[in-house]
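Counting in the working numbering, the final residue of the sequence shown is number 419, and the numbers go up one at a time with none missing. The beta carbon of each residue, even a glycine, is placed where N, CA and C say it ideally should be. Heads up: the structure comes next, in structure tokens.
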Amino acid sequence: MRYKAATTCANLLFMALAASGLYLALHFPEPVVRMTVGPVYFPVAISVALICAALASTVKVWLGTDDHEVHISSPLKVLCTVGAAAAFLFLWAKTGYFYPVSFSVIALFIYGLNPEQRRGRKILTATALSAAMQVFVYVVFERLMYFRF
């Protein structure tokens, strides 16, 4: 695939995701008390910023002269990543258990991407890093920002 086509496809995907996030944010129920910055502000700001950045990137690529062949060195890893992300979203939506599902997916990612040969060390590393990420997300989002998953 050519560089311009690949970049345009990726940017269109980002714009579609941002547009769906914008749609969801704009249809989020507003609190009874009117606030200057409510729960809708941050998702709308991020969605608009992502749409603008993807649009600017697409324009920059098409105005440029560099268009070379892009080679994906490991398409299997790309497909596995997309499949794992879809499985994570599906399992989270079906079970409602954010932390156990995300712990499992992150641990599998780290295990699969770890180049070490020793199985025991890979399992220990994947478990420890995944647990550390879960604790970080819990402390930052649930304890400091009061955001519930």
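Comparing alpha-carbon positions, the option among 309, 284, 334 lying closest to residue 319 turns out to be 284. Counting C-beta atoms within 10 angstroms of its own C-beta, residue 321 has 16 or more neighbours from the protein chains shown and is therefore classed as buried. Just so you know, the alpha carbons of residue 342 and residue 278 end up roughly 16 Å apart. Cβ contact annotation for residue 361 (same chain, cutoff 7 Å, sequence separation greater than five): 371, in chain order. Rounded to whole angstroms, the separation of the alpha carbons of residue 357 and residue 382 is 16 Å. For the beta strand (DSSP E) assignment, the stretch 312-379 encloses no uninterrupted run of at least 3 residues. Here DSSP, grouped into helix, strand and coil, assigns residue 418 to coil. Here residue 272 carries a strand assignment [DSSP, helix/strand/coil]. Each residue's CA atom was taken as its position, placing residue 386 and residue 293 some 43 Å apart.
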